[in-house]
Structures are given as structure tokens and as C-alpha cells.
Amino acid sequence: KYVTGFAAATCLAQNVLAGDQKATGRYLQFLKSGGSDYPLNILKAAGVDMTEPKPLVTTLQVFSKLLAELEQLL
Numbered sequence: 134k135y136v137t138g139f140a141a142a143t144c145l146a147q148n149v150l151a152g153d154q155k156a157t158g159r160y161l162q163f164l165k166s167g168g169s170d171y172p173l174n175i176l177k178a179a180g181v182d183m184t185e186p187k188p189l190v191t192t193l194q195v196f197s198k199l200l201a202e203l204e205q206l207l
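Using the numbering used here, the first residue of the sequence shown is number 134, and each one after it goes up by one.
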């Protein structure tokens, strides 16, 4: 469950940080939705389809980038 939540959060954050106004609106709607539907459906409406590999791939790319930055600091 932790990895699933982390991957979903990473994708949501990346979409918002990319400056996509629609992603920002979907994220706000995601926050407002609470427990109104199944989590996978709420995430899909927010633009994160956890039945596809993209959220995990995105998370691994972000992790790889952060790891490279850490290696540069050491």
C-alpha cells in the first residue's frame, strides 16, 4: 500500500509541478472527493491510472533523478 500511495502522490505532484492547470484542477477535485468512490476511480479521475505502469515508471524516474543529485553532493 505504501508504494502505491507514494507512486500516486508522485504522479499527482509531477503533473501539478509541470504547470498543467488542468492537472491542478483535477488535484483539487481529488482532494474534495474524499471517500466518495473507490480510490482507484478517484485517482483515475485525477489523471493517475494505477492500472497502468506509468505511475510507477514516473516514480522510479523521479527517484533516479534524486539519487543522482545525492551522489553529486557526496
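Backbone N, C-alpha and C fix where the C-beta goes; we use that ideal spot for every residue, glycine too.
Quick caveat, the model's predicted, so the values are computed rather than measured.
Cβ contact (3+ pairs, closer than 8 Å) linking the stretch 161 to 172 and the stretch 196 to 207: no
Y160 beta carbon less than 8 Å from that of L176: As a position in the sequence shown, residue 176 is number 43, starting the count at 1. As a position in the sequence shown, residue 160 is number 27, starting the count at 1. The answer is no: Cβ separation not under 8 Å.
For A141 and V181, believed in contact at Cβ under 8 Å, the rounded distance: Here residue 181 is taken as the residue at index 48 of the sequence shown, counted from 1. Here residue 141 is taken as the residue at index 8 of the sequence shown, counted from 1. Indeed, because the Cβ distance is near 5 Å, the residues count as touching under 8 Å.
Nonlocal neighbours in the same chain, by C-beta distance under 8 Å from Q147, ignoring five residues either side: Looking up residue 147 in the sequence shown gives position 14. Closer than 8 Å at Cβ, skipping near neighbours: T191 and V195.
Within 8 Å, strictly: CB atoms of A179 and F163: In the sequence shown, counting from the first residue as 1, residue 179 sits at position 46. In the sequence shown, counting from the first residue as 1, residue 163 sits at position 30. In contact: A179 and F163 (Cβ atoms closer than 8 Å).
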